[in-house]
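Worksheet for the structure shown next.
In this note's numbering, the protein residues as written are 10 to 259.
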């Protein structure tokens, strides 16, 4: 099944300055970075159609600049750190769900973005062919935990959406060349590697379309059990979640 993710509608909005007039997220109910989803009956694993899940291994703090926490603002920040909307705004497959313990229950991913290889408009098409980093985004904004925090399921993919091809294509980000006939899968240790790569690319001062972002990180242990129990593809994780605080600076 092919669906049009909300992110495909955000290209123009994401290119605008955060200082322009546009709706911002509703104010958070408390000035906290996030609320652990398990407190409200949620999970730090999302859920695919098979019942297993991917770790929500990066959190964008609810104390980040408000525009960053909006859909368009987040896409703009993602552009600044090397990610773009999916190829031609299309996604093959079903969206995955997450329960952030905020009273909304299990909801579909809000946005899915991929490595853009230097081109926010069409670079994600290359990622779909040769692999790279990608993530799904969910927002914690329900009635019982309205923090505005963004939870990301980040992972490193290795191969293409064109399983009938049998070509060896070198990847421009230095990953090992992947064989296109293998399908579309997560690399070995892909959840940990995807998180670490995303965080490394986001830290410090980044700029896109005249907007500057300053990002700091904090690693948190104990929120997700390490290992492979319940993890999609049976890939073990180290259990670390990285909290990022993103601030727009002049």
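All residues carry an ideal CB built from backbone N, CA and C; glycine is no exception.
Buried or exposed, going by whether 16 or more other CB atoms sit within 10 Å of the CB of residue 233? By 1-based counting over the chain shown, the position of residue 233 is 224. Buried, since its Cβ has 16 or more Cβ neighbours within 10 Å.
Would you kindly work out how many angstroms separate the C-alpha atoms of residue 181 and residue 163, rounded to a whole number? As a working mapping, residue 181 is identified with position 172 in the chain shown. As a working mapping, residue 163 is identified with position 154 in the chain shown. Interpretation of residue 181 is limited by its pLDDT of 42, a score under 50 that renders its predicted location unreliable; no figure is taken from the coordinates.
Tell me which residues share the same chain as residue 248 and place their Cβ nearer than 7 Å to its Cβ, disregarding the 5 neighbours each side in the sequence. What you label residue 248 is simply residue 239 of the chain shown in a count that begins at 1. So the list reads 230, 233, 234, 235, once near-sequence residues are dropped.
Where residue 114 and residue 161 are concerned, what is the direct C-alpha to C-alpha distance, given to the nearest angstrom? Locating residue 114 in the chain shown gives position 105, where the first residue counts as 1. Locating residue 161 in the chain shown gives position 152, where the first residue counts as 1. Straight-line Cα distance between these residues: approximately 17 Å.
Backbone secondary structure at residue 143 - three-state DSSP: Within the chain shown, numbered from 1, the residue matching residue 143 stands at position 134. The answer is strand: DSSP assigns residue 143 an E or B state.
Integer Cβ distance of residue 63 from residue 54, believed to fall under 8 Å: Within the chain shown, the letter at position 54 stands for residue 63. Within the chain shown, the letter at position 45 stands for residue 54. Indeed they touch by this definition, with Cβ atoms about 7 Å apart.
Alpha carbon to alpha carbon, how far is residue 213 from residue 258? Give it in angstroms, no decimals. Translated into the one-based positions of the chain shown, residue 258 becomes position 249. Translated into the one-based positions of the chain shown, residue 213 becomes position 204. Spanning the two alpha carbons is a distance of roughly 11 Å.
Assuming residue 250 is part of the beta strand (DSSP E), what are its boundary residues? For the purposes of this step, residue 250 is taken as residue 241 along the chain shown, with counting starting at 1. Counting along the chain, residue 250 sits inside the beta strand (DSSP E) bounded by residues 250-258.
Here's the rule I'm using: 16 or more other beta-carbon atoms within 10 Å means buried, otherwise exposed. How should residue 66 be labelled? Here residue 66 refers to the residue found at position 57 of the chain shown. Residue 66 is buried by the Cβ-count criterion.
For residue 109 and residue 86, I'd like the C-alpha separation in whole angstroms. As a working note, residue 109 is residue 100 in the chain shown. As a working note, residue 86 is residue 77 in the chain shown. Near 22 Å, if we compare the C-alpha coordinates of residue 86 and residue 109.
For residue 40, is the classification buried or exposed, using 16 other Cβ atoms within 10 angstroms of its Cβ as the cut-off for buried? Numbered from 1 along the chain shown, position 31 holds the residue referred to as residue 40. Burial call: exposed.
Alpha carbon of residue 122 to alpha carbon of residue 141, nearest angstrom: In the chain shown, residue 122 corresponds to position 113, counting from 1. In the chain shown, residue 141 corresponds to position 132, counting from 1. Going by the C-alpha atoms only, they are around 11 Å apart.
If we count the other Cβ atoms within 10 Å of its Cβ and call it buried at 16 or more, is residue 197 buried or exposed? Here the question's residue 197 lines up with position 188 in the chain shown. With fewer than 16 other Cβ atoms within 10 Å, it is exposed.
Presumed contact (8 Å Cβ cut-off) between residue 261 and residue 72, rounded CB distance: The requested residue 261 does not occur in the structure, where the chain is confined to residues 10 to 259.
Residue from 44, 42, 241, 88 with nearest C-alpha to residue 165: Numbered from its first residue, the chain shown carries residue 165 at position 156. Just measuring C-alpha positions, the residue of 44, 42, 241, 88 sitting nearest residue 165 is 241.
Return the bridge partner residues of residue 204 from the DSSP annotation. Within the chain shown, the letter at position 195 stands for residue 204. Note: residue 204 sits in no beta bridge, so no partner.
Here's the rule I'm using: 16 or more other beta-carbon atoms within 10 Å means buried, otherwise exposed. How should residue 228 be labelled? Taking the first residue of the chain shown as position 1, residue 228 is located at position 219. Exposed, by the Cβ-count rule.
Is it buried or exposed for residue 252, if we count other Cβ within 10 angstroms and need 16 for buried? Locating residue 252 in the chain shown gives position 243, counting from the first residue. By the Cβ neighbour-count rule, residue 252 is buried, with 16 or more other Cβ atoms within 10 Å of its own.
Other residues of its chain near residue 89: CB distance less than 6 Å, five sequence neighbours each side excluded: Walking along the chain shown from the start, residue 89 turns up at place 80. Excluding sequence neighbours, residue 89 sits near 215, 217, 222.
DSSP beta-bridge partners of residue 117: Taking the chain shown and counting its residues from 1, the one referred to as residue 117 is at position 108. Per DSSP, 106.
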